[in-house]
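Worksheet for the structure shown next.
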Amino acid sequence: MQPTEKVKRAKTAQQALESLMRLCARAERSSGDAMRLMASWQVPPQEREGVLQRLKADKFIDDRRYAEAFVREKINLSAWGRYKILAALRRKGIAESIVNEAMNLYERNDTADRLSERLEHKARTVKYDTPYQLRTKLLRHGVS
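Offset between the sequence shown (1-based) and my numbering: plus 38.
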């Protein structure tokens, strides 16, 4: 073990609940995130589900709210596309129905507007000799 590594102590279910309440009060977390954290804290597996149910009952964790915030953030701030967002939410263990609902809230209009803005910007910055060259460069940029 390296001198800079921290040794993680095992937490009881009550300690995990308190820690997760603090974390969830500061930022949205999914149920999958909470389960991974509890596993890293070595919370006994039979107690993890009880802690998660308590967090959901107290509205600290809500996968629907998490998915909507995640989609909104990744579209508006990170300019992620549909497939990248879908893959990230699936990795986090969010149910497919919740993912589809969240994606439908921010679909179509935003994507076309963002693509048109990016292509207009690219058209101003790219060097070309003929309109055909410009069109092919913009097509390659739009597809990538």
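C-beta: ideal position from N, C-alpha, C; glycine also.
Check your understanding: ASP101: buried (16+ other C-beta within 10 angstroms of its C-beta) or exposed?
Key -> buried
Review point. Using the rule of at least 16 other Cβ atoms within 10 Å of the residue's Cβ for burial, across every protein chain shown, is LEU1 buried or exposed?
Key: For residue 1 there is no data in the structure shown, the boundaries of the chain being 39 and 182.
Practice item. Return the chain-ordered list of same chain residues with a C-beta closer than 7 Å to the C-beta of LEU127, the five sequence neighbours on each side being excluded. Key: ALA105, PHE108, VAL137
**Study point:** C-alpha gap between HIS179 and ARG162, whole angstroms
**Key:** 13 Å
Point to revise | Own chain, CB closer than 7 Å to ARG110, minus 5 neighbours either side, in chain order | key: TYR144
Practice item. Buried or exposed for SER154, please, with buried defined as at least 16 other CB atoms from any protein chain shown within 10 angstroms of its CB. Key: exposed
Check your understanding: Do you know how far the Cα of ARG156 is from the Cα of SER116?
Key -> 14 Å
Practice item. Use the C-beta contact count for SER69: other C-beta atoms within 10 angstroms, 16 or more gives buried, fewer gives exposed. Key: buried
**Study point:** Simplified DSSP state of LYS49, which is helix, strand or coil
**Key:** coil
Review point. Is ARG67 helix, strand or coil by DSSP?
Key: coil
Review point. Considering only the beta carbon of each residue, do ALA72 and LEU90 sit closer than 7 Å?
Key: yes
Practice item. Answer yes or no: do ALA48 and GLN84 have a C-beta to C-beta separation smaller than 7 Å? Key: no
Exercise for review: Compare the C-alpha of ALA140 against each of ALA150, GLN53, ARG120, VAL164 and name the closest.
Suggested key: ARG120
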